[in-house]
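Residue numbering for the sequence shown follows our numbering, beginning at 21 and increasing consecutively.
Ideal Cβ placement from N, Cα and C applies to all residues, glycine included.
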Amino acid sequence: MSIIGWLIGLIERSIFLGGEIKARLAHPLSKIAYLAILIYTISRGDPIPVGVALASIIILGATAIGVESILSTLVVSSIPAFWLALTAYVGGIAGITPYITLIIAIGIFIRSMTFSSAILLFIASLNPTRIANLLIRLGKKTWAVYPLLSWRLIPQGLHDMGEALSIYKLKKTTLWKSIASSIATIIDYTNRIEESAFYRIEAGLEEQIPLKTNIVWSTIYVALSIGLVMIQFFI
């Protein structure tokens with residue numbers, strides 16, 4: 021498997037592997053508050069609160085979207101985090117950037133990985149139905165169809181592209197030809213759906229889709245948010 025195909029597989033598993041998880045039914049304000057407090061904790065940079073924030077992400081992710089998904093999230097997040105820490109450390113040694121110690125470089129890595137993991141976990145917990153209902157409330161009925169379609173087309177597209185990149189060596193073709201072929205397949209797949217559902221897309225959704233808020237998961241998000249806030253004051 022190529023590196024690009026491996027990365028695509030990680031992104032697919034980190035965001036879309038969980039399927040219809042109950043955490044997506046948590047109240048959106050509880051998830052937004054949790055994300056905001058995570059970002060605030062990371063921005064302060066205190067080691068213990070950042071470590072607790074990362075631990076909360078791992079535990080919440082393993083419970084909400086599954087162990088395989090959160091592991092994929094951590095791997096994806098560690099790639100840009102490692103690059104940032106490495107360039108900062110090497111640049112300091114070379115005199116290009118201000119010098120930092122290895123401990124500070126590790127801190128940069130942990131903070132960057134925590135931030136990226138928080139964003140990916142938030143995306144994975146988004147509910148396309150709730151987004152569609154919000155667009156209906158705003159009067160954008162024709163737009164309301166697209167979140168529902170996107171949450172079906174994007175994982176399918178990532179899966180098809182990953183498969184194309186995995187077998188390009190067996191066909192003895194170039195990588196870019198395989199990428200072009202997979203993109204063409206995705207475009208054709210999208211066009212077919214658009215043609216078959218043309219009138220539904222143009223008409224949009226007339227009424228909101230019934231959706232219940234999961235009190236348990238909303239409470240979990242609120243409890244984690246309160247816990248992170250308390251840590252800022254007592255540590």
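Option in the options with minimal Cα separation from residue i
i: R33; options: V87, R44, I23, P167; result: V87
i: T61; options: G115, L122, K42, T134; result: T134
i: G182; options: I203, L45, R172; result: I203
i: S76; options: R172, W163, Y241; result: Y241
i: A144; options: I251, I59, A82; result: A82
i: I52; options: P230, T107, N147, L231; result: N147
i: I139; options: I57, P69, Q252; result: I57
i: I24; options: I251, V236, L178; result: L178
i: W163; options: E227, T117, I199, L106; result: E227
i: N153; options: L141, F142, P167; result: P167
i: Q252; options: I68, I35, L27; result: I68
i: I35; options: L27, L141, N234, F254; result: L141
i: G29; options: V96, A46, S50; result: V96
With 16 other Cβ atoms within 10 Å as the buried cut-off, status of residue i
i: N211; result: exposed
i: V110; result: exposed
i: L74; result: buried
i: W103; result: exposed
i: L158; result: exposed
i: G247; result: exposed
i: S63; result: exposed
i: I79; result: exposed
i: T149; result: buried
Nearest-angstrom Cα separation, counted from residue j out to residue i
i: S92; j: I113; result: 32 Å
i: V249; j: R44; result: 23 Å
i: I59; j: L244; result: 13 Å
i: Q176; j: I151; result: 20 Å
i: I126; j: L185; result: 33 Å
i: T117; j: V165; result: 48 Å
i: I128; j: S98; result: 11 Å
i: K42; j: L173; result: 21 Å
i: L231; j: S238; result: 14 Å
i: I85; j: L55; result: 16 Å
i: I123; j: D66; result: 13 Å
i: A200; j: S89; result: 28 Å
Closer than 9 Å to chain D by CB, residue i
i: L168; result: Absent from the structure: chain D. Only one protein chain is present.
Cβ-Cβ separation, residue j to residue i (assumed contact under 8 Å), whole Å
i: P100; j: S132; result: 7 Å
i: I130; j: V70; result: 6 Å
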